[in-house]
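**Student:**
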DNA sequence: CTAGGTGCAAAAGGTTTGCGGTTAA
DNA sequence: TTAACCGCAAACCTTTTGCACCTAG
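Protein chains in written order, with my numbering: chain A, 2 to 147; chain B, 2 to 147.
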């Protein structure tokens, strides 16, 4: 059991969830490659180290990890939900060329939304900014090909 | 044929799409009630005035309207795509209480994203801001109930 | 006349559910 | 010990597709 496991375990316990090897494994898969995988991608990666894990369990684990505040869901294109273990304030850049998803830093959330004049009365709980376009790699290739 | 039809027709023709009564009807349904309905909601509303219209046609029409620049897709929660005939620069407020979706004005897009320090090399094509929380009505009710 | 559009039914993803068996606490 | 969790398969819901018929231009 590593240092990460202690924090992981406590995080689950704090919200009344049990520790299971499946939850730990799914979380470790997310930490390994920070490419915002879909549930299906997570399933296939998780199977490598845990061949008996099922799709339903992956969904269950992801659900629990989200509720425990260890992972966030990223809803980029309606095709499939993506998952991200970066819990810092950030937004996502979705590359239309390679399909990659990149974390972009954001200033700490102070309840206001930069550039948005929200009328009186709204109570904001969460702001999600998603940016589409070409990532540096693809933008460079496009410029060369022109 | 009303004034709106002329612009509607031109807009379709400009992108090489034909005018059809189904497309016009689906668009009029979207203009009638600006509540960002799902494809299914649009289908049931459209059936009132056009009983033979099919779900597939609603999807086809919405697709065409999006491509013609008359309607935009709003991807709020992965459950179902929503549609919005407001083509001005704006973002969406999604109320967690009543499920309502409200348009919030935004300053004209100048290619930058307010509050976001985008690293060099990214080429931005579209920015989507979505805000969740409680709308004025629900926020007020919540305050009363406390 | 004919390319493009419609309606239907069937299929294709992605996600959820029901249930018998298993396990963390 | 037992409530929570897992694995499996089947169901579900939204969206897409294939195809015969229809119609705008």
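Cβ atoms here follow ideal geometry from the backbone N, Cα and C, with glycine treated the same way.
(1) Rounded to whole angstroms, what is the Cα-Cα separation between residue 21 of chain B and residue 17 of chain A?
(2) 8 Å is my cut-off, CB to CB: does residue 68 of chain B come that close to chain A?
(3) Could you work out which residues of chain B lie near residue 129 of chain A, taking near to mean beta carbons separated by less than 7 Å?
(4) Checking 8 Å against the spacing of the C-beta atoms, do residue 119 of chain A and residue 84 of chain A come in under that value?
(5) Taking 8 Å as the CB-CB cut-off, is residue 78 of chain A touching chain B?
(6) How is the alpha helix (DSSP H) around residue 43 of chain A delimited, first residue to last?
(7) Based on Cα-Cα distance, which residue from A:99, A:142 and A:65 lies nearest to residue 73 of chain A?
(8) Counting contacts by CB-CB distance shorter than 8 Å, is residue 122 of chain A in contact with chain B?
(9) Could you give the first and the last residue of the continuous beta strand (DSSP E) run that contains residue 131 of chain B?
(10) Here's a check: name, in chain order, each residue in its chain whose Cβ is nearer than 7 Å to the Cβ of residue 77 of chain A, leaving out the five neighbours to either side.
(11) Taking the alpha carbon of residue 27 of chain A as the point to measure from, which residue in A:146, A:54, A:19 and A:105 has its own alpha carbon closest?
(12) Along the chain, where does the beta strand (DSSP E) that runs through residue 104 of chain B open and close?
(13) At the level of alpha carbons, what is the spacing between residue 7 of chain A and residue 57 of chain A?
(14) Alpha carbon to alpha carbon, how far is residue 71 of chain A from residue 86 of chain A? Give it in angstroms, no decimals.
(15) I need the boundaries of the beta strand (DSSP E) containing residue 114 of chain A, first residue and last residue.
(16) Given a cut-off of 8 Å, decide if residue 59 of chain B and residue 40 of chain B are closer than it, judged by their beta-carbon atoms.
(17) I'd like to know whether the C-beta atoms of residue 105 of chain A and residue 117 of chain B end up nearer to each other than 8 Å.
(18) For residue 27 of chain B, does the three-state DSSP call read helix, strand or coil?
(19) Could you tell me whether the Cβ of residue 40 of chain B comes closer than 8 Å to any Cβ of chain A?
(20) Could you check how far apart the C-beta atoms of residue 137 of chain B and residue 122 of chain A are, in whole angstroms? I think they sit under 8 Å.
(21) From the DSSP output, in three-state form, read off residue 18 of chain B for me.
(22) Taking all protein chains shown into account, do 16 or more other C-beta atoms lie within 10 angstroms of the C-beta of residue 89 of chain A, making it buried, or fewer, making it exposed?
(23) Counting only C-beta atoms, is residue 94 of chain B closer than 8 Å to chain A at any point?
(24) Taking 8 Å as the threshold (beta carbon to beta carbon), is residue 109 of chain A in contact with chain B?
(25) With 16 as the cutoff for other CB atoms within 10 Å, does residue 124 of chain B come out buried or exposed?
(26) Under a Cβ-count criterion, where at least 16 other Cβ atoms within 10 Å of its own Cβ denotes burial, should residue 25 of chain A be classed as buried or exposed?
(27) My guess is that residue 111 of chain A and residue 133 of chain A are in contact by the Cβ rule of under 8 Å, so how many angstroms apart are they, rounded?
(28) Can you tell me where the beta strand (DSSP E) with residue 92 of chain A in it begins and where it stops?
**Tutor:** Quick look at the numbers:
(1) Counting from one through the second chain, the residue named residue 21 of chain B turns up at place 20. Counting from one through the first chain, the residue named residue 17 of chain A turns up at place 16. So the alpha carbons of these two residues sit roughly 56 Å apart.
(2) Here residue 68 of chain B refers to the residue found at position 67 when the second chain is read from its first residue. Not closer than 8 Å to any Cβ of chain A, the Cβ of residue 68 of chain B fails to qualify, so no.
(3) Reading the first chain from its first residue, position 128 is the one you call residue 129 of chain A. Within 7 Å Cβ-Cβ: 131.
(4) Counting from one through the first chain, the residue named residue 119 of chain A turns up at place 118. Counting from one through the first chain, the residue named residue 84 of chain A turns up at place 83. The answer is no: Cβ separation not under 8 Å.
(5) Here the question's residue 78 of chain A lines up with position 77 in the first chain. At least one chain B Cβ lies under 8 Å of residue 78 of chain A.
(6) Counted from its first residue, the first chain places residue 43 of chain A at position 42. Counting along the chain, the alpha helix (DSSP H) containing residue 43 of chain A begins and ends at 40-50.
(7) As a position in the first chain, residue 73 of chain A is number 72, starting the count at 1. Minimum Cα distance to residue 73 of chain A is reached at A:65.
(8) In the first chain, counting from the first residue as 1, residue 122 of chain A sits at position 121. Chain B contact via Cβ: present.
(9) The sequence position of residue 131 of chain B within the second chain is 130, counting from 1. First-last of the beta strand (DSSP E) with residue 131 of chain B: 124-135.
(10) In the first chain, counting from the first residue as 1, residue 77 of chain A sits at position 76. Taken in chain order, the residues that qualify are 83, 93, 95, 102 and 131.
(11) Walking along the first chain from the start, residue 27 of chain A turns up at place 26. It is A:54.
(12) For the purposes of this step, residue 104 of chain B is identified with residue 103 of the second chain, where counting begins at 1. That run of the beta strand (DSSP E) goes 102-106.
(13) Numbered from 1 along the first chain, position 6 holds the residue referred to as residue 7 of chain A. Numbered from 1 along the first chain, position 56 holds the residue referred to as residue 57 of chain A. Looking at the two C-alpha atoms, the distance is approximately 26 Å.
(14) Here residue 86 of chain A corresponds to residue number 85 of the first chain, with the count starting at 1. Here residue 71 of chain A corresponds to residue number 70 of the first chain, with the count starting at 1. Near 6 Å, if we compare the C-alpha coordinates of residue 71 of chain A and residue 86 of chain A.
(15) Here residue 114 of chain A refers to the residue found at position 113 when the first chain is read from its first residue. Run containing residue 114 of chain A: none; DSSP gives neither H nor E here.
(16) Looking up residue 40 of chain B in the second chain gives position 39. Looking up residue 59 of chain B in the second chain gives position 58. A contact, by the Cβ cut-off of 8 Å.
(17) Counting from 1 along the first chain, the entry for residue 105 of chain A is found at position 104. Counting from 1 along the second chain, the entry for residue 117 of chain B is found at position 116. Yes, they are a contact pair.
(18) Counted from its first residue, the second chain places residue 27 of chain B at position 26. Helix, per DSSP.
(19) Taking the first residue of the second chain as 1, we reach residue 40 of chain B at position 39. Output row for residue 40 of chain B: interface = no.
(20) By 1-based counting over the second chain, the position of residue 137 of chain B is 136. By 1-based counting over the first chain, the position of residue 122 of chain A is 121. Indeed they touch by this definition, with Cβ atoms about 3 Å apart.
(21) For the purposes of this step, residue 18 of chain B is taken as the residue at position 17 of the second chain. Here residue 18 of chain B sits in coil by DSSP.
(22) Your numbering for residue 89 of chain A matches position 88 in the first chain. So residue 89 of chain A ends up on the exposed side.
(23) As a position in the second chain, residue 94 of chain B is number 93, starting the count at 1. Interface residue, yes.
(24) Counting from one through the first chain, the residue named residue 109 of chain A turns up at place 108. Cβ-Cβ to chain B under 8 Å: no for residue 109 of chain A.
(25) Numbered from 1 along the second chain, position 123 holds the residue referred to as residue 124 of chain B. Buried.
(26) As a position in the first chain, residue 25 of chain A is number 24, starting the count at 1. It counts as buried.
(27) Counted from its first residue, the first chain places residue 111 of chain A at position 110. Counted from its first residue, the first chain places residue 133 of chain A at position 132. Contact doesn't hold; Cβ gap of about 26 Å is too wide.
(28) Counting from 1 along the first chain, the entry for residue 92 of chain A is found at position 91. Element bounds for residue 92 of chain A: 91-96.
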